[in-house]
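K.L.:
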Amino acid sequence: GDTLAVNNSNVPQSERIYQELKEAILSGEIAPSTVLSQNELARQYDVSRSPVRDALRRLEQEGLVQLVPKVGALVKADDFSDAVDVTEIRSVLEGYVARRLAHSVTYEELKELRASLQLVKEAIDDGDIEAFYHRERAHHDKLAAMVRNKRLVRVLESLVDPLCNRAYSAYVRRSPEAAEVMYKEHQAILAAIEEGDGTKAEALMRKHIQRMHAAMLQMAGYDGQSIEF
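Numbered continuously in this note's numbering, the sequence shown closes out at residue 273.
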């Protein structure tokens, strides 16, 4: 949106191209299977091919495109079955995280989690979708880190799925009320953790992930099995 800093002339060329292409891919403006020509993009942005190459490389690292030698990049098509699998595993693991924290969280950690959630709320109030996206994910990461199980954190990091990210981003952009709903769910999860109610915290976290992903995938056009577990 117009709140993004990519319009700022002080932003490096490759960063601006990366941000604008990412936004267009995530919003669906650039459709899956589109070929992004390096030469065409260089002309469009009135730059050399070098910043275009850098931007495309970053998009490849995020799993949004596949580089095509001497041409540019191909916007990856959607494989929803993988996203459904990822959701199932995440809901179980993050539910476990919430349950564990209900029994082990310290006063200091609760303060940290409240502050983290406040940042999510501020992004919503500012209408900054990009900040909301990153802060909501960071809040999930913070919860996981507090369990102090490095393997669990690594497994969750490996489940960051490009398609889920793309669908998530599109979902929040197209449904202004979605961010508010997600924030309220996080508030309820944190309240259950604070009350020491592990069963409730786990159930709320699983529901949060399942509902969010079901809505995202529906928006992205997935019409396969329901993902209620």
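Here a beta-carbon is modelled for each residue, glycine too, at the ideal position from N, C-alpha and C. Bear in mind the structure is a predicted one, so any value in this text is a computation, not a measurement.
Grab the span of the alpha helix (DSSP H) containing Val-119 for me, first residue to last.
P.N.:
What you label residue 119 is simply residue 75 of the sequence shown in a count that begins at 1. Counting along the chain, Val-119 falls outside any alpha helix (DSSP H), though it belongs to the beta strand (DSSP E) covering 116 to 119.
K.L.:
Give me the residue from Ile-253, Glu-239, Ala-247, Val-197 with the minimum Cα distance to Ala-222.
P.N.:
Within the sequence shown, residue 222 is the residue found at index 178, counting from 1. Taking only the C-alpha atoms, the option nearest Ala-222 is Ile-253.
K.L.:
Is the segment 101 to 110 touching the segment 229 to 238, taking contact as three or more C-beta pairs under 8 Å?
P.N.:
The segment 101 to 110 vs the segment 229 to 238: no contact.
K.L.:
For Gly-171, does the count of other Cβ atoms within 10 angstroms reach 16, so buried, or fall short, so exposed?
P.N.:
Position 127 of the sequence shown, counting from 1, holds the residue named residue 171. Exposed, by the Cβ-count rule.
K.L.:
Can you tell which of Val-119, Tyr-140, Tyr-215, Thr-131 has its C-alpha closest to the C-alpha of Lys-66?
P.N.:
In the sequence shown, residue 66 corresponds to position 22, counting from 1. Taking only the C-alpha atoms, the option nearest Lys-66 is Val-119.
K.L.:
So Val-191 and Phe-176 are in contact, right, with Cβ under 8 Å, and what is the actual spacing, rounded?
P.N.:
In the sequence shown, the residue the question calls residue 191 occupies position 147. In the sequence shown, the residue the question calls residue 176 occupies position 132. Contact flag wrong, Cβ pair sits at about 24 Å.
K.L.:
Which same chain residues, not among the five before or five after Asn-51, have their C-beta less than 7 Å away from its C-beta?
P.N.:
In the sequence shown, the residue the question calls residue 51 occupies position 7. With a pLDDT of only 46 at Asn-51, under 50, the local geometry of the prediction cannot be trusted, and the value read off the model is given with reservation. Excluding sequence neighbours, Asn-51 sits near nothing in its chain.
K.L.:
For the alpha helix (DSSP H) containing Leu-200, list its first residue and its last residue.
P.N.:
Taking the first residue of the sequence shown as position 1, residue 200 is located at position 156. Element bounds for Leu-200: 194 to 202.
K.L.:
So does the segment 255 to 262 actually touch the segment 148 to 164, counting three or more Cβ pairs closer than 8 Å?
P.N.:
No, the segment 255 to 262 is not in contact with the segment 148 to 164.
K.L.:
Would you call the CB atoms of Ala-117 and Gln-110 closer than 8 Å?
P.N.:
Here residue 117 is taken as the residue at index 73 of the sequence shown, counted from 1. Here residue 110 is taken as the residue at index 66 of the sequence shown, counted from 1. Going by C-beta atoms, Ala-117 is nearer than 8 Å to Gln-110.
K.L.:
What are the start and end residues of the alpha helix (DSSP H) that includes Val-96?
P.N.:
If you number the sequence shown from 1, residue 96 lands on position 52. Note, Val-96: alpha helix (DSSP H), 93 to 105.
K.L.:
Quick one: what does DSSP say Leu-234 is sitting in, helix, strand or coil?
P.N.:
By 1-based counting over the sequence shown, the position of residue 234 is 190. Leu-234: helix per DSSP, three-state reduction.
K.L.:
If you reduce the DSSP assignment to three classes, tell me which class Leu-108 lands in.
P.N.:
The residue given as residue 108 occupies position 64 in the sequence shown. Leu-108 falls in the coil class under three-state DSSP.
K.L.:
To the nearest angstrom, how far is it from the Cα of Ser-92 to the Cα of Val-79?
P.N.:
Walking along the sequence shown from the start, residue 92 turns up at place 48. Walking along the sequence shown from the start, residue 79 turns up at place 35. Each residue's Cα considered, the two are about 19 Å apart.
K.L.:
For His-230, which residues in the same chain have their Cβ closer than 8 Å to its Cβ, ignoring the five residues on either side in sequence?
P.N.:
Residue 230 sits at position 186 when you count from the first residue of the sequence shown. If we look at His-230 and ignore the five residues flanking it on each side, its Cβ neighbours are Leu-161, Val-164, Glu-180, His-183, His-252.
K.L.:
Put Leu-261 into one of helix, strand or coil per three-state DSSP.
P.N.:
Here residue 261 refers to the residue found at position 217 of the sequence shown. Three-state DSSP puts Leu-261 in a helix.
K.L.:
Under the rule that 16 or more other beta-carbon atoms within 10 Å means buried, what is Tyr-62, buried or exposed?
P.N.:
Position 18 of the sequence shown, counted from the first residue, corresponds to residue 62. With 16 or more other Cβ atoms within 10 Å, it is buried.
K.L.:
Under the DSSP definition of a beta bridge, which residues are partnered with Val-79?
P.N.:
Your numbering for residue 79 matches position 35 in the sequence shown. Paired residues: Leu-118.
K.L.:
Would you mind sorting Ala-75 into buried or exposed? The rule is 16 or more other CB atoms within 10 Å of its CB.
P.N.:
The count along the sequence shown starts at 1 and reaches residue 75 at position 31. Ala-75 should be labelled exposed.
K.L.:
Relative to the C-alpha of Arg-60, which candidate in Val-96, Glu-84, Arg-87 has its C-alpha closest?
P.N.:
Within the sequence shown, the letter at position 16 stands for residue 60. Nearest C-alpha to Arg-60: Val-96.
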